[in-house]
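Under the working numbering, the first residue of the sequence shown is numbered 1417, with each subsequent residue one higher. Cβ atoms here follow ideal geometry from the backbone N, Cα and C, with glycine treated the same way. These notes concern the structure reproduced below.
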Amino acid sequence: MRGLNEDEILDFVALTEKKPIEVRFIEYMPFDGNKWNFKKMVSYQEMLDHIKQQWPALEMVPTGHADTAKAYKVPGFAGQVGFITSMSDHFCGSCNRLRLTADGNLKVCLFGNSEVSLRDELRSGASETELLQIIGAAVGRKKKQHAGMFNLSKMKNRPMILIDCDGLSADERGAIGLQTAASAPPHEPSDSLPVACCQNTTSTHFQARTKPMSGSDAARLRFAQTLGPDATSSHSIVNLGSPCFCTLLQRAKSPLAANHRLRMYHRPSSSKPPAAQVMRQTESPGEANVDTAGVETAQLTHMDAQGRAAMVDVGGKAPTRRVASARATVLLGATAFRLLRDNQLAKGDALAVAQLAGIMASKRTATLIPLCHPLPLDHTSVSLQLDPARHAAVVTASCRTTGRTGVEMEALTAAVAALTLYDMCKAVSHDIVITEVRLLHKTGGKRDFHHLP
1417 MRGLNEDEIL
1427 DFVALTEKKP
1437 IEVRFIEYMP
1447 FDGNKWNFKK
1457 MVSYQEMLDH
1467 IKQQWPALEM
1477 VPTGHADTAK
1487 AYKVPGFAGQ
1497 VGFITSMSDH
1507 FCGSCNRLRL
1517 TADGNLKVCL
1527 FGNSEVSLRD
1537 ELRSGASETE
1547 LLQIIGAAVG
1557 RKKKQHAGMF
1567 NLSKMKNRPM
1577 ILIDCDGLSA
1587 DERGAIGLQT
1597 AASAPPHEPS
1607 DSLPVACCQN
1617 TTSTHFQART
1627 KPMSGSDAAR
1637 LRFAQTLGPD
1647 ATSSHSIVNL
1657 GSPCFCTLLQ
1667 RAKSPLAANH
1677 RLRMYHRPSS
1687 SKPPAAQVMR
1697 QTESPGEANV
1707 DTAGVETAQL
1717 THMDAQGRAA
1727 MVDVGGKAPT
1737 RRVASARATV
1747 LLGATAFRLL
1757 RDNQLAKGDA
1767 LAVAQLAGIM
1777 ASKRTATLIP
1787 LCHPLPLDHT
1797 SVSLQLDPAR
1807 HAAVVTASCR
1817 TTGRTGVEME
1827 ALTAAVAALT
1837 LYDMCKAVSH
1847 DIVITEVRLL
1857 HKTGGKRDFH
1867 HLP
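Following this line, the structure appears as structure tokens:
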């Protein structure tokens, strides 16, 4: 970088005189957050001319067809130098690199925003053949050069080092080897998911019991929550009776194993969903009926005594970790789906634009929804999965905060990514339908919620 370390170029070349090493110089490249300035870039040709002033006999060394560096050597030196010329003389035509990020996403171009989640496919039990097809399709959509970006300095592209993995303790991350529950989107269930299950009961009410959990059990159950509502269906757990659902409770400040408790709500042998059995109608006006589970009947909280809209006062609540996920489905039709899948839409990479739109929308929820509290979001993730069978795109959003009220509306508002897909595809079809916009789950508030399909 000009003004920072260009005066050390000759010193690095001198290192190769006695040492059998290759010193590589990489042109300064624009990435989100590095305060790009074209004047700071020292080009490959400028570096080469500078070196030749000191060592005029510098000669080029043959390299492989897919090598990313141009290699040079001073005759008689033990080592050599290389130049990665991403900006001034790109090598996109011969690039055979694929990058797998720490959170399981495949990047076919370092400069590209587009990422394909292999983590999701692996968790859903995809075969090697299916993975090859997914990877092949991603490579097939790769642009001619620099991800199709003609103004790299203005693009938004996360550096490879910015892969977040907070939220779990070191022991818990080691136990599951995967990302946190708060940042992971819901996934399809796995037949071998090690989820704790409780047997059927003949009780007419819900019963609760707690037991201590080990750190690994807590981690596995937290991972099970990231799989979404389907993770606790009968085909994804050991069949010990009627279906049940489990919720991980964090009852103490410390996330250590001794402080984790598991509350298991038994579902009686009934076709009614748990919510219908827990929530009961009041027997007389103004009288709250509380069942054995301690859950009061539902009432609108954004109304005052006169029935006028009012903002809920949450000042008396203690801040807790709160997580919510929501989903929306965009039915595109065959033509729009094909163009979206092949990244051939006139407006560009619709999936990348929609993902950013969803994240931005979640941060503006309080502006859009009048009675929502403005919340400092700890994390928001938006993923878009293509469903070839329905010619649809499924938008899944997850939000996380540490506060006095939940982030359900933030997660639902992030579904505005579905509107962005509509905008990007409307030139192809006006028959696009946005449907199935719903909350999938929320945790951390007065009552946890998990959608049962």
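Item checked: Bridge-paired residues (DSSP) for Phe1865 -> In DSSP, Phe1865 forms a bridge with Lys1858.
Margin query: Measuring only the C-alpha atoms, how far is Asn1512 from Met1503?
Written below: 18 angstroms
Next item on the list: Would you kindly work out how many angstroms separate the C-alpha atoms of Ser1797 and Leu1474, rounded to a whole number?
Entry: 50 angstroms
Next item on the list: Have a look at the DSSP bridge pairing and note the partners of Asn1521.
Entry: Ser1533
Note to self: Between the alpha carbons of Asp1864 and Ser1540, how many angstroms are there, rounded?
What the structure shows: 25 angstroms
Next item on the list: On the DSSP bridge assignment, give the partners of Arg1515 in chain order.
Entry: Lys1523
Item checked: Member of Ala1487, Tyr1460, Lys1456, Asn1421 whose CA lies at the smallest distance from the CA of Ile1907 -> Only positions 1417 to 1869 of the chain appear in the structure, and residue 1907 is not among them; the question remains open.
Next item on the list: Could you tell me which uninterrupted alpha helix (DSSP H) segments, each at least 4 residues in length, are contained entirely in the segment 1706-1779, listed from first to last along the chain?
Entry: 1750-1757, 1766-1778
Margin query: I'd like to know whether the C-beta atoms of Val1853 and Ala1744 end up nearer to each other than 8 angstroms.
Written below: yes
Check: Where does Thr1781 land, buried or exposed, given buried means 16+ other C-beta within 10 angstroms?
Finding: buried
Check: Rounded to whole angstroms, how far is the Cβ of Gly1819 from the Cβ of Leu1787, which I believe are closer than 8 angstroms?
Finding: Actually they do not touch by this definition, with Cβ atoms about 16 angstroms apart.
Item checked: Beta-bridge partners of Asp1803, as assigned by DSSP -> Ala1808
Next item on the list: Could you check what DSSP says for Cys1841 in three-state terms: helix, strand or coil?
Entry: helix
Next item on the list: Can you say whether Ser1543 is buried or exposed, counting buried as having 16 or more other CB atoms within 10 angstroms of its CB?
Entry: exposed
Notebook entry, point to check: Taking Ser1799 as the reference, which of Ala1773, His1807, Lys1779 has the closest Cα?
Noted result: Ala1773
Next item on the list: Apply the 10 Å Cβ neighbour rule to Lys1858 and answer buried if 16 or more other Cβ atoms are within range, or exposed otherwise.
Entry: Looking at its Cβ environment, which holds 16 or more other Cβ atoms inside 10 Å, Lys1858 is buried.
Next item on the list: If I'm right that Ile1467 touches Thr1484 with Cβ under 8 angstroms, what's the distance once you round it to whole angstroms?
Entry: Ile1467 to Thr1484, Cβ: 19 angstroms. No contact.
Margin query: On the criterion of 16 or more Cβ atoms from any shown chain inside 10 Å, does Arg1816 qualify as buried, or is it exposed?
Written below: buried
Checklist line | Counted within 10 angstroms of its Cβ, other Cβ atoms place Leu1716 as buried (16 or more) or exposed | finding: With fewer than 16 Cβ atoms within 10 Å of its Cβ, Leu1716 is classed as exposed.
Notebook entry, point to check: Considering only the beta carbon of each residue, do Leu1807 and Leu1748 sit closer than 8 angstroms?
Noted result: The amino acid occupying residue 1807 in the given sequence is His; Leu does not appear at that position. Cβ atoms of His1807 and Leu1748: closer than 8 angstroms.
Check: Using the rule of at least 16 other Cβ atoms within 10 Å of the residue's Cβ for burial, across every protein chain shown, is Arg1724 buried or exposed?
Finding: exposed
Check: What are the start and end residues of the beta strand (DSSP E) that includes Gly1480?
Finding: From DSSP, Gly1480 is part of no beta strand (DSSP E); its letter is neither H nor E.
Item checked: Host beta strand (DSSP E) of Glu1438 (start-end) -> Its beta strand (DSSP E) spans residues 1438-1442.
Notebook entry, point to check: Among Lys1733, Asn1759, Leu1426, which has the Cα closest to the Cα of Arg1557?
Noted result: Asn1759
Notebook entry, point to check: Closest to Val1811 by CA distance: which of Val1823, Ala1834, Asp1803 is it?
Noted result: Ala1834
Next item on the list: Using a threshold of 8 angstroms, state whether the C-beta atoms of Lys1435 and Ala1494 are closer than that.
Entry: yes
Notebook entry, point to check: How would you write the range of the beta strand (DSSP E) that Gly1552 sits in, first residue to last?
Noted result: Per DSSP, Gly1552 belongs to no beta strand (DSSP E); it is in the alpha helix (DSSP H), 1544-1556.
Next item on the list: Return the residue from the list Tyr1460, Lys1455, Asp1423, Lys1456 that minimises the CA-CA distance to Arg1440.
Entry: Tyr1460
Check: How many whole angstroms separate the CB atoms of Arg1754 and Gly1860, which I take to be in contact at a CB cut-off of 8 angstroms?
Finding: Not confirmed; about 41 angstroms, so no contact.
Note to self: Let me confirm a value: Glu1433 is counted as buried when at least 16 other C-beta atoms fall within 10 Å, else exposed. Which label applies?
What the structure shows: exposed
Next item on the list: Check each candidate in Thr1836, Ser1741, His1789 and name the one with the smallest Cα separation from His1866.
Entry: Answer by Cα proximity: Ser1741.
Checklist line | Nearest residue (CA-CA) to Ala1809, options Val1823, Thr1517, Gly1764, Ala1750 | finding: Ala1750
Item checked: Helix, strand or coil at Thr1817 according to DSSP, with G and I counted as helix -> strand
Note to self: Taking 6 angstroms as the limit between beta carbons, can you name the residues of its chain near Leu1426, skipping five residues before and five after?
What the structure shows: Gln1470
Notebook entry, point to check: If you run the structure through DSSP and keep just helix, strand and coil, what is Ile1500?
Noted result: strand
Margin query: Determine whether the beta carbon atoms of Ser1778 and Glu1826 lie at a separation below 8 angstroms.
Written below: Yes, the pair counts as a contact, with Cβ atoms nearer than the cut-off.
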